[in-house]
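Have a look at the structure below, then the notes.
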Amino acid sequence: MDSVKGRVHKYGDNVDTDVIIPARYLNTASHKELAAHCMEDIDKDFVSNVKEGDIMVAEKNFGCGSSREHAPIAIKASGISCVIASTFARIFYRNAINIGLPIMECDEAAHDIKNGDEVEVDFNTGTITNLTTGKSYKAEPFPEFIQNIIAKGGLINYIK
Amino acid sequence: MGMTMSQKILAAHAGLDSVKAGQLIEANLDMVLGNDVTSPVAVNVFEGCGADSVFDKNKIAMVMDHFTPNKDIKSAQHCLQVRNFAGKYEIKNYFDVGEMGIEHALLPEKGLVGPGSLVIGADSHTCTYGALGAFSTGVGSTDMAAGMISGKAWFKVPGAIKFVLTGKPAKWVSGKDIILHIIGKIGVDGALYKSMEFTGDGLQYLSIDDRLCIANMAIEAGAKNGIFPVDDITREYCNGRFQGEPVEYTADEDAEYDEVYTIDLSALRPTVAFPHLPENTKTIDNVGEVKIDQVVIGSCTNGRLSDLRIAAQVLKDKKIAKGVRCIILPGTQQIWLDAMHEGLFDIFVNAGAVVSTPTCGPCLGGHMGILAQGERAVSTTNRNFVGRMGHVDSEVYLASPAVAAASAITGYITDPERV
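Chains A and B, in that order, give the protein sequences. For what it's worth, the working numbering labels the leading residue of the first sequence as 1, then goes sequentially. For what it's worth, the working numbering labels the leading residue of the second sequence as 1001, then goes sequentially.
Next comes the structure, spelled out in structure tokens:
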């Protein structure tokens, strides 16, 4: 996967893992069931609106709170192809890499991009292009160590 | 350039003489922890990749604490899956109903973590054990699975913020008020990716329970870990309890800190975090009139014996306000027994509170105290996010056991000095 393109679902600061997937649904590990309740406590229409390949954009400290890996799993299983944020909470950042949910830290893009914009992300160059406005942004590339984990298909394949 | 206390523990477990902030290392783990929510996902990963052995059956802990005693069939299936895994691989530290406690109250109590330990846990509040001079941090289920297989984890060595705590806290000011004050000051991402290292002459006034509470909430400031130096208070707690070999690390004199805060503990007031972030703090003098429906006293933050004693001190010979439900959750079976023998349960029940088995239950909106639409709770737990304890339109106010107990009596958020 070199690049993804999709419509943006935009959120603000401090989107926590309790709203990404509320604990009342943590009695299942089924990716499909988790995806059916993704974001419902801050955006009850997300599940019905999201389309395969869409992109999630948020501002600072995305994924703060609980270490539940169910959160990136729910986002990935809902069809989201990439999450762009100003900053990520550290456990979410780690979990996203470990399960193969592409994430990008880019403060300027996270501020500028609006709900409903059409955005393209090139993972090789780290370029984020807002196709609606024509503006491009450069995200910090992953360190080589993490690129290796992703290249091997996640942490488990990396350590095997 | 010297190293912080956290960096020294990481370096030692990576077999390196020194490390610096930003460096990626692989380190050997002393303990890998999971609970009944995160372990099933880890077991799926473990089995999915074809693993057939664990690195050390004595260095894995699995605690069935979140939705136990099981709240529904799905939760029961999860516990069954973990129970079977623990049986198959002879996991020594598997704790089920009857032996379990809230994981971050239980592991220190059982002596499974101690000074110098390197611990990962598939629970964000794993940072609690920094109170004992350990490097301890929360991870996800895949990291837990990888840790169970290999006994190792990769880390990006964190930078640090130093908090110099000075002076003696006033009567009703506890570890909870100190950490809420700090989060209010630096924000919920104020320590993102970093260590929070606590030091200063004020530590002599902070019990192990206070320190466990403070380190527990380091994650609420975004930190990778929170850590305290080892002193006589730590040694007294760990001596005869810690099953490993304690190693005391100290930060170098010339260790680099991104920021240094000095906090005069004698100037702090009981502090409450308003919805919906732990950084939305006000001192008890500025809370105004906030009517409440429920009080929760317990959790990995404040479910220890000293917390229950303070609640009992406030509730003794008093009655819970009409219309308020007060739920008290001792953190472990041992704390439950000790509280019972001390007569604390008589005080609680006579006041009109209920005493539960140990469980994380209401803290994360799991069970045993869920809020309805529009309801408000004062809770000694650690998060007050939207919908955290129940309905998306309910509210959680985070406070100390003293404030929570006082509020239960009046039905409004209340200064313990006034009841």
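Note that CB positions come from ideal geometry on N, CA and C, so glycine has one too.
Quick one: list the residues of chain A neighbouring residue 1142(B), beta-carbon separation under 8 Å, in chain order. 69, 95, 98, 99, 154, 155 and 156
What does a CB cutoff of less than 7 Å around residue 997(B) pick up in its chain, not counting 5 residues either side in sequence? There is simply no residue 997(B) to check, as chain B begins at 1001 and stops at 1419 in what is shown.
For chain A, find out if any of its Cβ atoms is closer than 7 Å to the Cβ of residue 1193(B); answer yes or no. yes
Measure the CB-CB distance between residue 41(A) and residue 22(A) and report whether it falls below 7 Å. yes
Top-ranked residue by Cα proximity to residue 103(A), from 88(A), 115(A), 111(A) and 113(A): 88(A)
Grab the span of the beta strand (DSSP E) containing residue 1395(B) for me, first residue to last. 1395-1398
Alpha carbon to alpha carbon, what distance is there between residue 1207(B) and residue 1401(B)? 15 Å
Proximal chain A residues relative to residue 1188(B), where beta-carbon distance stays under 7 Å: 14, 61 and 64
Using the C-alpha atoms, what's the distance from residue 1009(B) back to residue 1001(B)? 16 Å
Less than 7 Å between the beta carbons of residue 29(A) and residue 77(A), yes or no? no
Here's a check: name, in chain order, each residue in its chain whose Cβ is nearer than 6 Å to the Cβ of residue 141(A), leaving out the five neighbours to either side. 126
Nearest chain B C-beta to residue 164(A) closer than 7 Å, yes or no? Residue 164(A) cannot be examined here, being either before or after the span of chain A that is shown, 1 to 160.
So, does the CB of residue 1096(B) fall closer than 7 Å to a CB anywhere in chain A? no
Interface partners of residue 1021(B) on chain A, CB under 7 Å: Near residue 1021(B) there are no residues of chain A at all, since even the closest Cβ is about 14 Å away, more than 7 Å.
Hey, is the segment 1337-1347 of chain B in contact with the segment 1371-1383 of chain B, meaning 3+ C-beta pairs nearer than 8 Å? no
Taking the alpha carbon of residue 1383(B) as the point to measure from, which residue in 1281(B), 1035(B), 1082(B) and 1312(B) has its own alpha carbon closest? 1281(B)
Among the residues of its own chain, which have a CB less than 6 Å from the CB of residue 1177(B), if the five just before and after it don't count? 1268, 1270, 1271 and 1400
Inside the segment 1058-1113 of chain B only - beta strand (DSSP E) runs reaching at least 3 residues: 1060-1063 and 1093-1095
From 1385(B), 1409(B), 1203(B) and 1313(B), residue whose alpha carbon lies closest to that of residue 1352(B): 1409(B)
Specify, as a first and last residue, the run of the beta strand (DSSP E) that residue 1476(B) falls within. Nothing in the structure corresponds to residue 1476(B), since chain B is present only between 1001 and 1419.
With a cut-off of 8 Å, do at least 3 Cβ pairs link the segment 1182-1200 of chain B to the segment 56-63 of chain A? yes
For the ligand MG, I want to know if residue 1300(B) counts as a neighbour, meaning its beta carbon is within less than 6 Å of at least one of the ligand's heavy atoms. Inclusion of the ligand MG in the displayed structure is not the case, the ligand content being empty and no account of it being possible.
Should residue 157(A) be labelled buried (16 or more other beta-carbon atoms within 10 Å of its own) or exposed? exposed
Quick check on the burial criterion: 16 or more other C-beta atoms within 10 angstroms. Buried or exposed for residue 1073(B)? exposed
Rounded C-alpha distance that separates residue 1404(B) from residue 1308(B): 11 Å
Between residue 142(A) and chain B, is the shortest Cβ-Cβ distance under 7 Å, so that the two count as touching? no
Tell me whether the segment 131-151 of chain A and the segment 1209-1227 of chain B touch, counting them as touching only if at least three CB pairs, one residue from each stretch, are closer than 8 Å. no
Same chain only: Cβ atoms within 6 Å of residue 1039(B), ignoring 5 sequence neighbours per side: 1062 and 1082
So, is residue 1123(B) buried or exposed, given that buried needs 16 or more other C-beta atoms within 10 angstroms? buried
Below 7 Å between beta carbons: does that hold for residue 118(A) and residue 132(A)? yes
List the endpoints of the continuous alpha helix (DSSP H) containing residue 1262(B). Looking at the DSSP string, residue 1262(B) is not in any alpha helix (DSSP H); the run it does join, the beta strand (DSSP E), is 1259-1264.
What does residue 1078(B) touch in chain C if you count any residue whose Cβ is under 8 Å from its own? The structure shown has no chain C; the protein chains it does contain are A and B.
According to the neighbour-count rule (16 or more other Cβ atoms, all chains shown, within 10 Å of its Cβ), is residue 1278(B) buried or exposed? buried
How would you list, in chain order, the residues of chain B whose beta-carbon sits under 8 Å from the beta-carbon of residue 19(A)? 1385, 1386 and 1387
Please list the segments of the beta strand (DSSP E) lying wholly inside the segment 1357-1408 of chain B, counting only runs of 3 or more residues, in order along the chain. 1376-1379 and 1395-1398
Let me check understanding here. Comparing Cα to Cα, which of 115(A), 85(A), 37(A) and 74(A) lies closest to residue 1041(B)? 74(A)
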